[in-house]
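> First the structure, which I've put down as structure tokens, then a few questions once you've had a look.
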Amino acid sequence: MKPDNVTLSLPARALWGKLALDGTHRWLPLWLHLADAAEIADLLWVHWLPPHTKEVVVRGIEFPEFAASAERENLARQVVRFLAAAHDCGKASPAFVIKAQQVGFGDVVDEITSKGLPIEAQNRAVGKRFSHALVGECILERYGVDRSLADIVGAHHGKPLDFKRDLEAAPEYSSITGIKNEAWGNVQKELVQYALHLAGLTSISGVTLSVPVQVVLSGMLIMADWLSSDENRFPLISRDYGIVAEESAESRANRAWSSLRLPEYKQFASACPWSQLYAERFGRQPRPVQIHALRVASQMEHPGLMVIEAPMGEGKTEAALAAAEAFARRFGLGGVYFALPTQATSDGIFPRIEKWIEHLHAGVSRSIFLAHGKSGFNEVYNGIKLKSHLYDEEDDDEKQADVVVNDWTQGRKKGLLADFVVGTIDHVLMGGLKMKHLSLRHLGLVNKVVILDECHAYDAYMNQYLDLVLSWLGAYDVPVIVLSATLPPHRRQELLAAYQNRKIKKTVNITTDSVSPYPLISYTDGENVYQDLPESSGRKRVVHLAQLDEDNLGNILSELLDEGGCAGIICNTVKKAQSVAQCMEMYFGEDCVRLLHSCFLSFDRARKEQEVRDLLGPQEDHRPERLIVVGTQVMEQSLDIDFDVLFTEICPMDLLLQRIGRLHRHNRKKERPRRLQEATCYVMGIQDGLIFDKGSTAVYGEYLLMKTRAFLEQRLILPDDIPRLVQQVYEAGYDDTIINRLAKEADISAVREQYAMARDKYKTCIEKKRSKARTFQIKTPKAQRKNLLGWLNAPQTEDASGKRGEATVRDSGNSLTVLVICKKEDGGLYTLPWLPGHGDERIDDVPDDALAKAIASCSINLPSYFVQNWQIDKVIDELEQIVLDNHLDDWYASHWLKGELFLVLNEDHEMHLLDRILVYDEKNGLWSYKEE
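Given below as structure tokens:
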């Protein structure tokens, strides 16, 4: 398989693959670059790719003749080598070769022409229209390579062909490719034969690939190309062939692999007996849901989708990790992607995942990546990065960490290639988005078990992407674990159907009850779907519900907290939360009130949330005698806190139950105050005549609020009532019951009309979301048919930050993130006074790295008023002018601050924007009022 073992013609050896642009006049012959790529691809296959992914590839390759299992895997390995060895064969064309003249390598072009390969001046102009990847695809097809393989070569720069005859239909076809010129045709055929030689093949005729395998190998080829194009690991050489003879491509690749330090695949974890796994990994005995999840995962015959529905606090996270370990050990997966709804929830679970990985005791280092835009501010993650570099410097195998951050598997496009990834759901959903290098993202996912937490938190728009991605993960046989406490039954069925690519042959239910059992584990195994019913843990709570007029909130709280206690108040908008917090301060004083919402600076929000966790978390050491926490939806998911009494504005039933999950959440050693020993939730925002608070209606719409109101009861038994309540609100067939219940407070005909209008509006909104989502989606594996033609046929825009892609998979409307600094009367720019480590620091020059990072932590989203479609452009114009007026564009030299917009506040922490005054204070966050 070494290039030394084949004799290439002088024209073939003269072709260039890489050129140095630093004036040193170094290069890399094309034949050596192809050999480098083949060798590094082979190392990836042998050492990095998990057995599961290899099996996916092997099953998806059709060979012309029957081959035994072991032989098929070796043939698959050879196919991978061939693709890498042929990936740049399109550089053997006049239109590519002539590009060397533009960068000072005219001597290379002269040498190539002297070897009998004609090049015309017109080749330079026409070559710009078609990439060498596209030319390479045409060359391979011309010499008998099936389109399913040739497409991969055509896509190795991140995007397959949009149309079948993009190049061949062009009038300049012959001039671009040289295919019809005998000399060029001979050297192109020679390079195809050379690629076969490097792969150890004599022919690849008759070999075809399934569409999923084309995507996986496309990702592998991109990875191999990027690695072999790294000049630091595969150095360019002097134009002296004597140097080439001193080192083979295999030796170059082995040296590069050693420097890469990419964690190699080995057994996922130590072979701990299933019966001891929870004690070994988590230091505790399992609950029933956890036992059943592990048992199901350890007995399934095929990788599949597992949906775990269980109450809050039942240990779904540990159940998912245990099931993931079982899947990985049994089916040969290499890691886990743990996806959550928000950056806050991702940060919250990251330390738990790191600790779990360390307890796997696999005896090897595992790479980890935190996949969200503010990962640079996560101190745990930064600590792992620092330790990883220290271990690298020590270079002592005995001192290697269990969890490391590998430099190469960092960044927006390569991060998912790490063994373990914790991040927002966006990075999974982007697996269904038409964007360059999508196959690299798929490669990262196909290597892993995928865990999707808080699945009820995704709206119809996001679910459209999720279902699409599940169809691909199902085609790859990737084990997927979905977690939820409040999942509607129809949504469960949609998830299972999506994973099965709409081919559920048989559903084996354990009950025929009209209401789904709970807790419940549903899972696919092969073509069938099964359900498993864990025993209840026996932990039940009685929760009393009462409606409350918001005007009486202060008086009721004063009575309830007379003997102490900790109360939570959850509002549906930031503006309402700020208003309520100020009102509570009038009753109880500032020291007794905390405010949490999304319009705080990043570092302020993190500090405030941590303070509340410390005060109201599972540990009772610092629990105050009296405290009121006012917040928004940020309190539904990311905070493990316990209230003695809860007040909430009305919201859809599943979210209401999530909020109630913060009520009497922990079993406390110290008795709760006498008035608060019964768990009580007061529901606000319900007015007479089926009228809801304007802010609540804007966020959730009338339909779900009306249905939730109809099924509000005075007494709940949790978790028993959860499936029934969620089903009544989200499933069809309850309309008459809802109308009759609501009609107790209004005329039934008026209720029926209002309800019908709300329902129609809701359905129209859902369909618009689904339709909008489909605009930028790839096809399902089934719809994509035989090859990758047109797979990403959408306008490709540069998305260097990744923010465009993340925004596309969420339908959250416009958002605009800015950084906040101050400008004092002396004209100087300063940091905010309370910024940790850099408070009130004057900024005269481009900030150094530490200061720039501190400034970047002062990020905040502008209130919704400023990002409405009809005026967001005006806002951006004003903010861009602020950047220019204050020379803040000079700060773009820092990677922390590049491209950012700024709010420049005065010494009172105010500034004018549009027709409003924006105000920020440490206690209330960002708010605005209309300028008089």
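FYI, in the numbering used here the residues of the sequence shown are -2 to 929. Ideal Cβ positions, reconstructed from N, Cα and C, are used throughout, including at glycine.
Can you round the beta-carbon distance between Lys820 and Val872 to whole angstroms, since I take them to be within the 8 Å contact cut?
So it is not a contact: roughly 19 Å between Cβ atoms.
> What number of angstroms, rounded off, separates the C-alpha of Ile638 from the C-alpha of Leu653?
Whole-angstrom Cα-Cα distance: 16 Å.
> Is the beta carbon of Tyr515 less than 7 Å from the beta carbon of Pro209?
Not in contact: Tyr515 and Pro209 (Cβ atoms no closer than 7 Å).
> Just checking, does the region 370 to 378 make contact with the region 325 to 338 on the three C-beta pairs under 8 Å criterion?
no
> From the DSSP secondary-structure annotation, give me the bridge partner or partners of Trp13.
Pro26
> Can you name the start and end residues of the beta strand (DSSP E) that Glu646 belongs to?
Val642 to Glu646
> Rounding to the nearest angstrom, what Cα-Cα distance links Tyr458 and Gly141 in this structure?
43 Å
> Within the same chain, show all residues whose beta-carbon is closer than 8 Å to that of Glu391, passing over the 5 residues directly before and after it, in chain order.
Residue placement at Glu391 is poorly supported in this model, since its pLDDT is 42, which falls under 50; the coordinates still yield a value, given next. Closer than 8 Å at the Cβ level, and outside the excluded window around Glu391, lies no residue.
> Between which two residues does the beta strand (DSSP E) harbouring Lys445 extend?
Per DSSP, Lys445 belongs to the beta strand (DSSP E) from Lys445 to Leu449.
> Which of the three DSSP states is assigned to Asp930 in this structure?
Nothing in the structure corresponds to residue 930, since the chain is present only between -2 and 929.
> In terms of residues, what are the limits of the beta strand (DSSP E) holding Leu367?
That run of the beta strand (DSSP E) goes Arg363 to Ala368.
> Give the single residue among Ile234, Ala415 and Leu435 whose Cα lies nearest to the Cα of Val446.
Of the candidates Ile234, Ala415 and Leu435, the residue whose Cα lies closest to the Cα of Val446 is Ala415.
> Give the C-beta separation of Gln724 and Ser513 to the nearest angstrom, bearing in mind that I take them to be a contact with Cβ-Cβ under 8 Å.
7 Å
> Can you name, in chain order, every residue of its own chain whose Cβ lies under 8 Å from the Cβ of Gly698, other than the five neighbours on each side?
Ala755, Lys758, Tyr759 and Cys762
> Considering only C-alpha positions, which residue in the set Met681, Ala574 and Thr677 is nearest to Phe640?
Thr677
> Between His44, Ser595 and Asp148, which lies nearest to Leu259 when the distance is taken from Cα to Cα?
His44
> I'd like the list of long-range same chain contacts for Gln781, defined as Cβ closer than 6 Å, with 5 residues on each side in sequence excluded.
Val208
> Ordered along the chain, which non-local residues of its own chain (more than five positions away) have a Cβ less than 6 Å from that of Leu876?
Leu898
> Suppose the cutoff is 6 Å on Cβ atoms and the five residues either side in sequence are ignored; what does the same chain contact list for Leu12 look like?
Excluding positions up to five away in sequence, the list reads Leu27 and Ala89.
> Helix, strand or coil for Cys855 per DSSP?
Coil.
> Can you tell which of Gln75, Lys779 and Gly133 has the C-alpha that lies nearest to the C-alpha of Ile473?
In the sequence as presented, Ile is not what sits at residue 473; that position holds Tyr. The option with the nearest alpha carbon to Tyr473 is Lys779.
> Let me know if Ser936 comes out buried or exposed under the rule of 16 or more other beta-carbons within 10 Å of its beta-carbon.
It is not possible to answer for residue 936, since the shown part of the chain is limited to -2 through 929.
> Straight-line CA distance for Ala740 to Val748?
Pairing Ala740 with Val748, the inter-Cα distance amounts to about 6 Å.
> Look at the Cβ atom of Pro8, then the Cβ atom of Gly175, and state whether they are nearer than 7 Å.
no
> Going by DSSP, name the residue or residues bridged to Gly565.
BP columns for Gly565 point to Val626 and Leu643.
> List the whole-angstrom C-beta distance separating Thr629 from Ala574, where the pair is believed to meet the contact cut-off of C-beta under 8 Å.
5 Å
> Compute the Euclidean distance between the alpha carbons of Tyr727 and Leu709, then round it to the nearest angstrom.
Going by the C-alpha atoms only, they are around 14 Å apart.
> Look at the Cβ atom of Leu291, then the Cβ atom of Ala320, and state whether they are nearer than 7 Å.
yes
> Assign Lys15 to buried or exposed, taking buried as 16 or more other Cβ atoms, counted over all protein chains shown, within 10 Å of its Cβ.
buried
> Going by DSSP, which residues form a beta bridge with Phe279?
According to DSSP, Phe279 bridges with nothing at all.
> Return the CA-CA distance between Ile518 and Met303, expressed in angstroms with no decimal places.
7 Å
> Along the chain, where does the alpha helix (DSSP H) containing Gly614 start, and where does it finish?
Segment: none, Gly614 is in no alpha helix (DSSP H) and carries neither H nor E.
> Since Glu451 and Leu484 should fall inside the 8 Å C-beta cutoff, what is the C-beta to C-beta distance between them, to a whole number of angstroms?
Not quite, the Cβ-Cβ distance comes to about 10 Å (not below 8 Å), so this is no contact.
> Considering only DSSP beta bridges, list what His931 is partnered with.
In this structure the chain extends from -2 to 929, so residue 931 is not present and cannot be described.
> Does the region 29 to 40 come close enough to the region 66 to 78 that 3 or more CB-CB pairs lie under 8 Å?
yes
> For Gln684, count the other beta carbons within 10 Å of its own beta carbon; 16 or more makes it buried, fewer makes it exposed. Which is it?
Exposed.
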